[in-house]
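Novice: I have a structure I would like to understand better, so I am pasting it below and will then ask my questions one at a time.
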Amino acid sequence: MRKLLAIALLAAAATAHAQSPQRPIQLIVPWGAGGGTDATARIIGTLLEKDLKQPVNVVNRTGGSGVVGHDAIAKAPADGYTLGLITVEITMMHHVGLTQLKHTDYTPIGLVNADPAGVHVRVDSPYKSVKELLSAIKANPGKMKASGTG
């Protein structure tokens, strides 16, 4: 029985070792160096390097209001050697027509950062609640403008 258990443990260890990365990993950030998403990626990269014993190269793929990097993540080979930090902007980019990509084009493996969102209007705005603002937007399609990080 002990011999069978030892063989099973060796087989499991060999399988686990074969599944560990054999070369460097690329971590794509769809935003510029020095920003919040980049800083988060660099922390994650450092921690992954320690655990996986392989270099993790953070690559900033900027352009197109985030579309270039998000596209690179979506089109990367599904081999485990390219990871990416997608951001909430991918949903906005889709709805304003910048890309056909949607959140469903990605396989999430973890939530690493959550930033609370906010809605702001001028102090003299007639809208005193989000409900009032949404009602005005629905009543006037295409007439209002908004901005965001992308």
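In this text, residue positions in the sequence shown follow our numbering: the first is -2, and each later residue adds one. All C-beta atoms, glycine included, are put in the ideal place defined by N, C-alpha and C.
#1: For a test of the three-state rule: what should DSSP assign to GLY63, helix, strand or coil?
#2: Does the Cβ of ILE25 have 16 or more other Cβ atoms within 10 Å, making it buried, or fewer, making it exposed?
#3: Taking VAL64 and MET90 to be in contact with their CB atoms under 8 Å, please state how far apart those CB atoms are, rounded to whole angstroms.
#4: Nearest by alpha-carbon distance to GLN16: which of GLY33, TYR78, VAL55 is it?
#5: May I ask you to report which of helix, strand or coil DSSP gives GLN16?
#6: Of the residues GLY61, LEU130, ILE70, VAL109, which one's Cα is nearest the Cα of GLY33?
#7: Should the region 56 to 63 be regarded as contacting the region 98 to 116, the criterion being three or more beta carbon pairs within less than 8 Å?
#8: Please classify LEU49: is it buried, with 16 or more other beta-carbons within 10 angstroms of its beta-carbon, or exposed?
#9: Under a Cβ-count criterion, where at least 16 other Cβ atoms within 10 Å of its own Cβ denotes burial, should HIS92 be classed as buried or exposed?
#10: Since LEU24 is in the alpha helix (DSSP H), which residue starts that stretch and which ends it?
#11: Just list the residues that DSSP pairs LEU80 with in beta bridges.
#12: With H, G and I counted as helix, E and B as strand and the rest as coil, what does DSSP make of ALA10?
#13: Classify VAL55 as buried or exposed, calling it buried when 16 or more other Cβ atoms lie within 10 Å of its own Cβ.
#14: Going along the chain, which residues of its own chain have a beta-carbon closer than 6 Å to the beta-carbon of LYS99, five neighbours each way excluded?
#15: Please name the residue, chosen from LEU82, ILE41, LEU45, that lies closest to ARG20 on a Cα-to-Cα basis.
Specialist: Quick answer:
#1: Start at 1 with the first residue of the sequence shown, and residue 63 comes out as number 66. Three-state DSSP puts GLY63 in a helix.
#2: Here residue 25 corresponds to residue number 28 of the sequence shown, with the count starting at 1. With 16 or more Cβ atoms within 10 Å of its Cβ, ILE25 is classed as buried.
#3: Against the sequence shown, residue 64 aligns to sequence position 67. Against the sequence shown, residue 90 aligns to sequence position 93. So it is a contact: roughly 6 Å between Cβ atoms.
#4: Taking the first residue of the sequence shown as 1, we reach residue 16 at position 19. Minimum Cα distance to GLN16 is reached at TYR78.
#5: As a working note, residue 16 is residue 19 in the sequence shown. Here GLN16 sits in helix by DSSP.
#6: Locating residue 33 in the sequence shown gives position 36, counting from the first residue. Ranking the options by Cα distance to GLY33, first place goes to VAL109.
#7: no
#8: For the purposes of this step, residue 49 is taken as the residue at position 52 of the sequence shown. By the 10 Å Cβ count, LEU49 comes out exposed.
#9: Counting from one through the sequence shown, the residue named residue 92 turns up at place 95. Label assigned to HIS92: exposed.
#10: In the sequence shown, the residue the question calls residue 24 occupies position 27. Premise fails: LEU24 lies in the beta strand (DSSP E), 22 to 26, not in any alpha helix (DSSP H).
#11: In the sequence shown, counting from the first residue as 1, residue 80 sits at position 83. Its beta-bridge partners are LEU24.
#12: For the purposes of this step, residue 10 is taken as the residue at position 13 of the sequence shown. In this prediction, ALA10 scores a pLDDT of 44, lower than 50, which makes its location untrustworthy; no coordinate-derived value is stated.
#13: Residue numbering aside, residue 55 sits at position 58 when the sequence shown is read from its first letter. Looking at its Cβ environment, which holds 16 or more other Cβ atoms inside 10 Å, VAL55 is buried.
#14: Residue numbering aside, residue 99 sits at position 102 when the sequence shown is read from its first letter. Here the set comprises HIS91.
#15: By one-based count along the sequence shown, residue 20 stands at place 23. Among LEU82, ILE41, LEU45, the Cα nearest to that of ARG20 belongs to LEU45.
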